[in-house]
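Below is one structure, written out as structure tokens, with a few remarks after it.
Protein chains: 2
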Amino acid sequence: MLKLFEYNWQVRQDWFDWCRDVPEEELLKKRTGGVGGILHTLFHIIDVEYSWICGLEGKPEFKEPFDAYASLKQVMDLSAEFHKEVRPFTAAWTEDMEQKVLTDTWPNGEKVSFKYGEIMRHVIAHEIHHIGQLSVWSRELGKVPVTANFIRRGLF
Amino acid sequence: MLKLFEYNWQVRQDWFDWCRDVPEEELLKKRTGGVGGILHTLFHIIDVEYSWICGLEGKPEFKEPFDAYASLKQVMDLSAEFHKEVRPFTAAWTEDMEQKVLTDTWPNGEKVSFKYGEIMRHVIAHEIHHIGQLSVWSRELGKVPVTANFIRRGLF
Numbered sequence: 004m005l006k007l008f009e010y011n012w013q014v015r016q017d018w019f020d021w022c023r024d025v026p027e028e029e030l031l032k033k034r035t036g037g038v039g040g041i042l043h044t045l046f047h048i049i050d051v052e053y054s055w056i057c058g059l060e061g062k063p064e065f066k067e068p069f070d071a072y073a074s075l076k077q078v079m080d081l082s083a084e085f086h087k088e089v090r091p092f093t094a095a096w097t098e099d100m101e102q103k104v105l106t107d108t109w110p111n112g113e114k115v116s117f118k119y120g121e122i123m124r125h126v127i128a129h130e131i132h133h134i135g136q137l138s139v140w141s142r143e144l145g146k147v148p149v150t151a152n153f154i155r156r157g158l159f
Numbered sequence: 004m005l006k007l008f009e010y011n012w013q014v015r016q017d018w019f020d021w022c023r024d025v026p027e028e029e030l031l032k033k034r035t036g037g038v039g040g041i042l043h044t045l046f047h048i049i050d051v052e053y054s055w056i057c058g059l060e061g062k063p064e065f066k067e068p069f070d071a072y073a074s075l076k077q078v079m080d081l082s083a084e085f086h087k088e089v090r091p092f093t094a095a096w097t098e099d100m101e102q103k104v105l106t107d108t109w110p111n112g113e114k115v116s117f118k119y120g121e122i123m124r125h126v127i128a129h130e131i132h133h134i135g136q137l138s139v140w141s142r143e144l145g146k147v148p149v150t151a152n153f154i155r156r157g158l159f
């Protein structure tokens with residue numbers, strides 16, 4: 004399980020590096036698809052990963068809006084801050100946690116329950132999916148996107 | 004491991020269903036990013052999944068071009084055909100296969116070696132990443148994309 008998280012964290016860092024060469028107005032520009040922008044997508048990935056892990060740990064989730072973090076530095080700092088909590092939980096993952104159940108009540112009052120293993124995979128797929136959107140916007144900007152390859156990253 | 008493959012296969016089927024409501028010229032149209040088109044992306048996902056699994060099984064990889072499969076029906080049929088071989092290998096996956104080594108020589112003569120667990124995760128991430136690109140093109144067409152959610156798919 005950890006390997007795919009490590010992949011996501013590497014790819015995220017590569018996108019942060021990619022962002023350094025792009026004018027901030029392009030990072031903030033409204034685009035078609037996903038949550039509608041490059042930096043907003045990176046914020047959203049970080050928010051969703053952290054909020055679900057908080058859910059699994061019984062901690063309150065993160066609820067602040069993107070507007071409060073709308074610069075590359077703020078998004079990178081937020082990622083680093085949350086990583087201090089996300090990494091240990093993910094690194095301590097064991098097979099017997101797969102079938103544990105999280106029950107929650109959503110803002111609309113709906114009661115939901117998910118298996119821990121289901122949520123961990125949801126978080127993994129969520130980030131990879133949104134990164135795919137960044138790759139299209141990168142080409143629209145005339146820039147080569149970060150490689151999405153899992154191989155050749157020293158993960159094995 | 005199997006769960007994320009099952010997720011990809013469900014999402015892929017949802018995209019095939021999504022394609023049925025889209026004119027074929029839109030499915031074939033050249034677009035910015037990825038391999039440059041909706042149907043070509045679905046073909047590429049199927050090709051890459053099958054070719055890597057063939058590699059792990061010691062079978063010859065698939066080498067035909069997209070041009071030979073440039074209709075929704077042909078791509079769906081190819082997916083179903085390859086699935087007969089991909090599914091059993093994936094379903095029979097065990098922990099002790101993680102560190103097995105595949106060695107290969109690439110077309111440029113480079114000798115490469117990868118762990119089996121590395122390749123399986125590469126295949127998973129590859130499909131999710133390209134599906135993210137489809138979601139952008141879907142919005143460009145004014146259509147709601149297939150949900151990328153792993154939760155609520157009955158996978159756990």
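Chains as they are written, first to last, in the numbering used here: chain A, 4 to 159; chain B, 4 to 159. Even glycine gets a Cβ: it sits at the ideal position worked out from N, Cα and C. Note that the coordinates shown come from a computational prediction; the quantities given were computed from them, not determined experimentally.
Check: 8 Å Cβ cut-off: residues of chain A touching E27 of chain B; Outcome: Ordered by position in chain A, no residue passes the 8 Å Cβ test against E27 of chain B, which lies about 21 Å from the chain.
Check: Residue range of the unbroken beta strand (DSSP E) whose run includes K146 of chain B; Outcome: Here K146 of chain B belongs to no beta strand (DSSP E), and DSSP marks it neither H nor E.
Check: Members of the region 38-61 of chain A that neighbour chain B once the beta carbon cut-off is set at 7 Å; Outcome: none
Check: Residues in the region 94-116 of chain A having any Cβ partner in chain B nearer than 9 Å; Outcome: E101, Q102, V115
Check: From A:W55, A:P91, A:F117, A:I134, residue whose alpha carbon lies closest to that of G40 of chain A; Outcome: A:I134
Check: Members of the region 132-153 of chain B near chain A, C-beta cut-off 9 Å; Outcome: H132, H133, I134, G135, Q136, L137, S138, V139, W140, S141, R142, E143, P148, A151, N152, F153
Check: Chain B contact for Y10 of chain A (CB, 9 Å cutoff); Outcome: yes
Check: Own chain residues within Cβ distance below 7 Å of G37 of chain A, not counting five before or after; Outcome: T44, H133, Q136
Check: Buried versus exposed call for D50 of chain B [16 or more other C-beta atoms within 10 Å across all chains shown]; Outcome: buried
Check: Assigned exposure category for L5 of chain B - 16 Cβ within 10 Å defines buried; Outcome: exposed
Check: Per-residue DSSP class, three states only, for K66 of chain A; Outcome: coil
Check: Within chain B, partners of K118 of chain A - CB distance below 7 Å; Outcome: F159
Check: Run of the beta strand (DSSP E) containing V38 of chain A, from where it starts to where it stops; Outcome: Element bounds for V38 of chain A: n/a, residue is neither H nor E.
Check: Runs of alpha helix (DSSP H) lying entirely within the region 70-135 of chain A, each at least 4 residues, in chain order; Outcome: 75-94
Check: Proximity test, Cβ basis, 9 Å: K6 of chain A and chain B; Outcome: yes
Check: Separation of K76 of chain B from V126 of chain B, as counted between CA atoms; Outcome: 23 Å
Check: M79 of chain B and F19 of chain B closer than 9 Å at C-beta; Outcome: yes
Check: Same chain only: Cβ atoms within 6 Å of G157 of chain B, ignoring 5 sequence neighbours per side; Outcome: none
Check: Residue from B:W12, B:Q16, B:N11, B:E27 with nearest C-alpha to A73 of chain B; Outcome: B:E27
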